[in-house]
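**Q** Here it is, the structure in full.
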Ligand SMILES: Cc1cc2nc3c(=O)[nH]c(=O)nc-3n(C[C@H](O)[C@H](O)[C@H](O)COP(=O)(O)OP(=O)(O)OC[C@H]3O[C@@H](n4cnc5c(N)ncnc54)[C@H](O)[C@@H]3O)c2cc1C
């Protein structure tokens, strides 16, 4: 019996026929050719940090943990080339050692590079796009075992940057990087109304900015960051305590309590807001300050809407929580992503705010997810591919103008559907 796969958020499981852990691109090609000849599907797993069923297969799961090296930093052109199985934390550290950094990171740094870009993982900025938008070249082992080499001159690159794993196994990525820099991140507690009002302006005033709101309270937090040469105050020790003690035990226990006795959730949220939504400034290495301590296991749904509609979505989500009596024990988060031209990017063609609706074991999770899906539908909401967002091919075609072209490319590159699992079929309509 093969080892079972389970997502980090415990949202999906699979028992593949086999696992493979190739050591180089030639071995990846060999694994793919053999699986295709045996009629088995292939999916890659990075860190398994997606909540969606994007990895799930009963065929072969390929783990790229042995393709984990930074290969080159081209200082002249500001480019870094790495193997796709490299984890973001290791990539950031290796870049820093060379005096370089990537301009944006998401909340955590434990994902693999290949997994991050396959789902358009983002941070929060209108100056920078999502991580996929930093790709200038990639190598992909396709269903025949051949290697597709794409660079900026290739018209397929805008499709491959957010590939959903549907074009093949990405083995190598070249990303735009810049000289290492520090940021000063300022957190400011505000009321819900003030926070939502700030959504219109704060991303124009700060290179990085995001909004948190804790349901059942009037407490919101503006988190805004700028470049800074000031003395560093970021403490790796505090980060480790947050990760290993506060989040792993205290926060986890609060979520479990709210899950067991949902009536306590509003009171627990008030306690969390009082303790955590406080004024503070942290200065330090960009990738460390802009990311966060690993949270306890929870669930996330997230939708991308045009930036100008973000305030409306936040207000209506709050109204829905009150009207439907939903108990929500985790923050709602609004984060910006600069518009891009990558076919399956949730930020395709428009500056975007991604609204994240998160829960930690609330019995109202399904109703909450349905509420946000209903609200964003009026604003052409696009799902985050790595999170739990209900969609079918008709919805995807309505909201992503290049969806048909992407489906066509997937069928052309992989006519026999080696890399198609139920998730990909739902996206392309099969
Ligand atoms: C605690 C937490 C915080 C998060 N914070 C953020 C955030 O701030 N912003 C955000 O946008 N997202 C965030 N996410 C979501 C996460 O970044 C994405 O789901 C990401 O895809 C996970 O990367 P992974 O390496 O675990 O990929 P997996 O989940 O393992 O895989 C994701 C997809 O990529 C495919 N894939 C992986 N590697 C390759 C490859 N080499 N070639 C081809 N296909 C491949 C897989 O088949 C799958 O379809 C967070 C997730 C967690 C658990």
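In my numbering, the protein residues as written are 6 to 435. All C-beta atoms in this analysis are idealised placements derived from N, C-alpha and C, irrespective of residue type, glycine included. Predicted model, so just to flag it, every value in this text is computed and none were measured.
Below 8 Å on the Cβ atoms is my contact criterion, and I expect residue 271 with residue 221 to pass it. Report the Cβ-Cβ distance as a whole number of Å.
**A** Here residue 271 refers to the residue found at position 266 of the chain shown. Here residue 221 refers to the residue found at position 216 of the chain shown. Correct: roughly 4 Å between the Cβ atoms.
**Q** Kindly give me the distance between the Cβ atoms of residue 193 and residue 284, rounded to whole angstroms, as I take these residues to be in contact under 8 Å.
**A** Translated into the one-based positions of the chain shown, residue 193 becomes position 188. Translated into the one-based positions of the chain shown, residue 284 becomes position 279. Yes, residue 193 and residue 284 are in contact; Cβ-Cβ is about 6 Å, under 8 Å.
**Q** Ends of the alpha helix (DSSP H) at residue 409?
**A** Your numbering for residue 409 matches position 404 in the chain shown. Per DSSP, residue 409 belongs to the alpha helix (DSSP H) from 408-418.
**Q** Under 8 Å, with one C-beta from each stretch per pair, do the region 254-267 and the region 63-81 reach the 3-pair mark?
**A** Output reads no: the region 63-81 does not touch the region 254-267.
**Q** Residue range of the beta strand (DSSP E) that residue 425 falls in?
**A** Along the chain shown, one-based indexing puts residue 425 at 420. Note, residue 425: premise wrong, no beta strand (DSSP E); not H, not E.
**Q** Counting only runs that start and end within the region 288-322, where is the alpha helix (DSSP H) found for 4 or more residues in a row?
**A** Qualifying alpha helix (DSSP H) stretches, in chain order: 291-294.
**Q** Can you have a look at residue 48 and say buried or exposed, based on whether 16 or more other CB atoms are within 10 angstroms of its CB?
**A** Here residue 48 is taken as the residue at index 43 of the chain shown, counted from 1. That one is buried.
**Q** Beta-carbon within less than 8 Å of residue 46's beta-carbon, same chain only, minus the 5 sequence neighbours each way: which residues are those?
**A** As a working note, residue 46 is residue 41 in the chain shown. Hits under 8 Å: 40, 62, 63, 64, 65, 422, 423, 424, 425 and 426.
**Q** Per the contact definition of three or more C-beta pairs closer than 8 Å, is the region 294-309 in contact with the region 347-361?
**A** The region 347-361, when compared against the region 294-309, does touch it at the 8 Å Cβ threshold.
**Q** Under the criterion of a Cβ to heavy atom distance below 7 Å, does residue 258 qualify as lining ligand 1?
**A** In the chain shown, the residue the question calls residue 258 occupies position 253. No; taking the cut-off as 7 Å, the Cβ of residue 258 has no heavy atom of ligand 1 nearer than that.
**Q** Measure how close the beta-carbons of residue 190 and residue 228 come, nearest whole angstrom, since I'm counting them as under 8 Å.
**A** Against the chain shown, residue 190 aligns to sequence position 185. Against the chain shown, residue 228 aligns to sequence position 223. About 6 Å separates the two Cβ atoms, so the contact holds.
**Q** With DSSP as the reference, identify every bridge partner of residue 345, one or two as the case may be.
**A** Numbered from 1 along the chain shown, position 340 holds the residue referred to as residue 345. The partner list for residue 345 (beta bridge, DSSP) reads 353.
**Q** With respect to 7 Å, is the separation between the Cβ of residue 59 and the closest non-hydrogen atom of ligand 1 below this value?
**A** Position 54 of the chain shown holds residue 59. Correct: residue 59 has its Cβ closer than 7 Å to ligand 1.
**Q** Just the Cα atoms here: how many angstroms apart are residue 138 and residue 360?
**A** Position 133 of the chain shown holds residue 138. Position 355 of the chain shown holds residue 360. For residue 138 and residue 360, the distance between alpha carbons rounds to 19 Å.
**Q** For residue 166 versus residue 110, is the C-beta spacing smaller than 8 Å?
**A** Taking the chain shown and counting its residues from 1, the one referred to as residue 166 is at position 161. Taking the chain shown and counting its residues from 1, the one referred to as residue 110 is at position 105. Against a cut-off of 8 Å, the Cβ pair of residue 110 and residue 166 comes out as no contact.
**Q** Less than 7 Å between the CB of residue 45 and some heavy atom of ligand 1, yes or no?
**A** Counting from one through the chain shown, the residue named residue 45 turns up at place 40. No, Cβ of residue 45 sits at least 7 Å from all heavy atoms of ligand 1.
**Q** Let me make sure I understand the geometry here. Which of 27, 315, 428 and 199 has the alpha-carbon closest to that of residue 395?
**A** Your numbering for residue 395 matches position 390 in the chain shown. Considering only alpha carbons, the answer is 428.
**Q** If you reduce the DSSP assignment to three classes, tell me which class residue 100 lands in.
**A** Taking the first residue of the chain shown as 1, we reach residue 100 at position 95. Three-state DSSP puts residue 100 in a helix.
**Q** Quick check on the DSSP output: the beta strand (DSSP E) that includes residue 143 runs from which residue to which?
**A** In the chain shown, the residue the question calls residue 143 occupies position 138. Note, residue 143: beta strand (DSSP E), 140-146.
**Q** Does any heavy atom of ligand 1 sit closer than 7 Å to the C-beta of residue 1?
**A** What the structure shows of the chain is the stretch from 6 to 435, and residue 1 is not part of that stretch, so it cannot be assessed.
**Q** What beta strand (DSSP E) runs, 3 residues minimum, are completely inside the region 239-264?
**A** Listed in chain order, there is nothing to give.
**Q** Does the Cβ of residue 399 have 16 or more other Cβ atoms within 10 Å, making it buried, or fewer, making it exposed?
**A** In the chain shown, the residue the question calls residue 399 occupies position 394. Residue 399 should be labelled exposed.
**Q** Shorter than 7 Å, the distance from the beta carbon of residue 300 to the closest heavy atom of ligand 1, or not?
**A** As a working mapping, residue 300 is identified with position 295 in the chain shown. Yes, the beta carbon of residue 300 sits closer than 7 Å to at least one heavy atom of ligand 1.
**Q** On the premise that residue 343 lies in contact with residue 134, defined as a C-beta separation below 8 Å, what is that separation, rounded to the nearest angstrom?
**A** Within the chain shown, residue 134 is the residue found at index 129, counting from 1. Within the chain shown, residue 343 is the residue found at index 338, counting from 1. About 4 Å; that satisfies the 8 Å criterion.
**Q** Among residues of its own chain, excluding the 5 on either side of residue 23, which ones have a beta-carbon nearer than 7 Å to its beta-carbon?
**A** To locate residue 23, count along the chain shown from 1; it is residue 18. Correct list, in chain order: 7 and 65.
**Q** When DSSP labels each residue in this structure, what does residue 187 get in the three-state scheme?
**A** The residue you call residue 187 lines up with position 182 of the chain shown. Here residue 187 sits in strand by DSSP.
**Q** Cα-Cα, which of 410, 317, 31 and 390 is closest to residue 383?
**A** For the purposes of this step, residue 383 is taken as residue 378 along the chain shown, with counting starting at 1. Of the candidates 410, 317, 31 and 390, the one whose C-alpha sits nearest the C-alpha of residue 383 is 317.
**Q** Under 8 Å, do residue 152 and residue 161 count as touching if we go by C-beta distance?
**A** By 1-based counting over the chain shown, the position of residue 152 is 147. By 1-based counting over the chain shown, the position of residue 161 is 156. Cβ distance not < 8 Å, so residue 152 and residue 161 don't count as in contact.
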